[in-house]
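Undergrad:
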Amino acid sequence: MAGRTIMHIDLDSFFVSVEQVLNPELKGKPVVVGGKPDRRGVVATASYEARAFGLHSGMPLATAVRLCPEAIFIEGNFARYREFSRKFMAIINEFSPSIEPMGLDEAYLDVTGFESIHGSIRQMADRMKQRIRSELGLCASVGIANCKVVAKIASELSKPDGLLEVTPGEEKDFLAPLPVEKLPGVGKQTLKIIKGLGVYTVGGLSRMSPRALKTHLGSAGEMLYRFANGIDDRQVLPPGEAKSISRESTFGEDTRDLSYLEATLWVQSEKVGADLRKKGKQAKCVTLKLRYADFSTITRSRTLNEGVDTDRAIFETGIGLLERALAKEKQAVRLIGIGVSKLVEASRQTMLFAPSDRKLEELNKAIDSIRNKHGFDAIHTGRVVRLRDISFHS
Ligand code: TTP
Ligand code: MG
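All residue numbers for the sequence shown refer to our numbering, where the first residue is 11 and numbers rise by one.
#1: How big is the Cα-Cα spacing for GLU191 and LEU234?
#2: Please go through the same chain and pick out, in chain order, the residues whose beta-carbon is closer than 6 Å to the beta-carbon of PHE386, but skip the five residues on each side of it.
#3: Here's the rule: buried if 16 or more other CB atoms are within 10 angstroms of the residue's CB, otherwise exposed. What is ARG257?
#4: Under the three-state reduction of DSSP, which class applies to GLN359: helix, strand or coil?
#5: Going by DSSP in three states, GLN292 sits in which element: helix, strand or coil?
#6: Using a 10 Å radius around the Cβ and a threshold of 16 neighbouring Cβ atoms, would you call SER126 buried or exposed?
#7: Taking the beta carbon of ASN382 as the centre, do at least 16 other beta carbons fall within 10 Å, making it buried, or is it exposed?
#8: Measuring CA to CA, which of VAL42, VAL31 and GLN292 is closest to ALA252?
#9: In the DSSP assignment, find the alpha helix (DSSP H) that holds ASP183 and state where it starts and stops.
#10: For a test of the three-state rule: what should DSSP assign to ARG92, helix, strand or coil?
#11: Using the C-alpha atoms, what's the distance from THR274 back to ARG322?
#12: GLU85: buried (16+ other C-beta within 10 angstroms of its C-beta) or exposed?
#13: Output yes or no for whether 8 Å exceeds the beta carbon distance between LEU336 and THR260.
#14: Would ALA443 and VAL53 be called neighbours here (beta carbons separated by less than 8 Å)?
#15: Using a threshold of 7 Å, is the CB atom of GLU59 nearer than that to any non-hydrogen atom of the ligand TTP?
#16: I'd like to confirm the pairing. Which residues does DSSP put opposite ARG301 in its beta bridges?
#17: Nearest to GLU116 by alpha carbon, out of ASP20, ASN156 and LEU65?
#18: Could you tell me the alpha carbon to alpha carbon distance between ILE241 and ARG137, rounded to whole angstroms?
#19: Given this structure, state the Cα-to-Cα distance separating VAL83 from GLY44, to the nearest angstrom.
#20: Please list, in chain order, all residues of the same chain as ILE255 whose beta carbon is under 7 Å from its beta carbon, the five residues on each side excluded.
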């Protein structure tokens, strides 16, 4: 995926900064949001003045007050943070319609080609930072790179009030000296395993063989290998452009009754199919999820040559996967779910449908329109009689 430009933007000490805007007396002081220090609980965030004393998110409040007794402790007001977050997202959304918000105070933007509007991507980032400062009173840090993972690390390293651009081609050199825990996805457990291999830097990780990483870390190992080498094909996905649609249900009692499992799968397929058609998409992959009585969980996927969006196609693919899975496993099932992914735009005009498929499509449309008007339960197809006691959650 050559030639993309990705921006990652993240507000500095977000909760605390909002408090400082609302009460300017707090500016320039060590401030902690998370609760009063006589309470149990942890630091949600600390101002950079407080971080100088070693305070950080997740630290017990009792420790924070010991390290920095003069810090001002605030309970916090989540509704206010949400309001600032909404305005922040609205500002960056004016710069690009294609943003992917991550939590309250950060977002990715695909800004490929935007230099023609702003002179350079750096200038674009400067303008965004200025607007956020003048309209919200908040400071943002920005990372610019050819992929998400490098852009995110760049914004983090540039903090506070930073702007760091990684020149295309220099991703690996930029990452190499960093400690491995800077890579997203490296939690405590993973870090322990990686250090056990004698690897401490991202550069060290990038020189491992991908096979060895897979052996020690499973599929996460493959991802970390790519990240360590500055390779990350993940797209910027605006909300609503979901990558997958799924439904799952947990049974009141574990079961191996095939007709019961099938009936559940049918209702789920109808819901997934309806969502898919509402979005105008078709799916090229169907995934079945099963959790057994001992809580072990498996997923089984089938990739299809053509995109599908009928309930029947989703259901039948799911049943095939179910039968194969149950043939290998004797335990009862406690959870079943079905999902679709690899979504593509529905392109009916160019597809040749067998007459029976076209009938199915019409049937689905008719059922969708009844349910849009009167709710999902307004109409039931034959398979759901036995399902009254299952509660669905998506
Ligand atoms: P972050 O962006 O991780 O942290 P931050 O904005 O406070 O500081 P900076 O980006 O400059 O390093 O998280 C955003 C907000 O999310 C943060 O202000 C408070 C909240 N948060 C928690 O409540 N608990 C946590 O463990 C973390 C990491 C964040
Ligand atoms: Mg932040």
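Note that beta-carbon positions come from the ideal geometry of N, C-alpha and C, so glycine has one too.
TA: Result, derived from the coordinates:
#1: As a first step, residue 191 is located in the sequence shown; it is residue number 181 there, counting from the start. As a first step, residue 234 is located in the sequence shown; it is residue number 224 there, counting from the start. Approximately 11 Å between the Cα atoms of the pair.
#2: For this step, residue 386 is matched to residue 376 along the sequence shown. Nothing listed; no residue qualifies.
#3: Locating residue 257 in the sequence shown gives position 247, where the first residue counts as 1. Label assigned to ARG257: buried.
#4: Against the sequence shown, residue 359 aligns to sequence position 349. With a pLDDT of only 43 at GLN359, under the threshold of 50, the placement of this residue in the model should not be trusted; the figure read from the coordinates follows. Looking at GLN359 - three-state DSSP - the assignment turns out to be helix.
#5: Taking the sequence shown and counting its residues from 1, one reaches residue 292 at position 282. DSSP, read as helix, strand or coil, puts GLN292 in strand.
#6: On the sequence shown, position 116 is the one that residue 126 refers to. SER126 comes out exposed.
#7: Taking the first residue of the sequence shown as 1, we reach residue 382 at position 372. ASN382 is exposed by the Cβ-count criterion.
#8: Locating residue 252 in the sequence shown gives position 242, where the first residue counts as 1. Considering only alpha carbons, the answer is GLN292.
#9: One-based indexing of the sequence shown puts residue 183 at position 173. Under the DSSP assignment, ASP183 falls in the alpha helix (DSSP H) whose first and last residues are 181 to 185.
#10: Position 82 of the sequence shown holds residue 92. Three-state result, ARG92: helix.
#11: Translated into positions along the sequence shown, residue 322 becomes position 312. Translated into positions along the sequence shown, residue 274 becomes position 264. Taking the straight line from one Cα to the other gives about 13 Å.
#12: Here residue 85 refers to the residue found at position 75 of the sequence shown. GLU85 comes out exposed.
#13: Taking the sequence shown and counting its residues from 1, the one referred to as residue 336 is at position 326. Taking the sequence shown and counting its residues from 1, the one referred to as residue 260 is at position 250. It is not a contact, given that the beta carbons lie outside the stated cut-off.
#14: No information on residue 443 is available, as it lies outside the stretch 11 to 404 that the chain covers here.
#15: In the sequence shown, residue 59 corresponds to position 49, counting from 1. GLU59: no, Cβ never under 7 Å from the ligand TTP.
#16: The sequence position of residue 301 within the sequence shown is 291, counting from 1. DSSP, once it has assigned bridges, lists THR307 and LEU345 as partnering ARG301.
#17: Along the sequence shown, one-based indexing puts residue 116 at 106. The shortest Cα separation from GLU116 among ASP20, ASN156 and LEU65 belongs to ASP20.
#18: The residue labelled residue 241 in the question sits at position 231 within the sequence shown. The residue labelled residue 137 in the question sits at position 127 within the sequence shown. If I take the Cα positions, the gap works out to 28 Å.
#19: Sequence index remark: in the sequence shown, residue 83 carries index 73 (1-based). Sequence index remark: in the sequence shown, residue 44 carries index 34 (1-based). As written in the sequence, residue 83 is Phe, which differs from the Val given in the question. Taking the straight line joining both Cα atoms gives about 7 Å.
#20: Here residue 255 refers to the residue found at position 245 of the sequence shown. Cβ within range, chain order: VAL282, ASP285, LEU286, GLY349 and VAL350.
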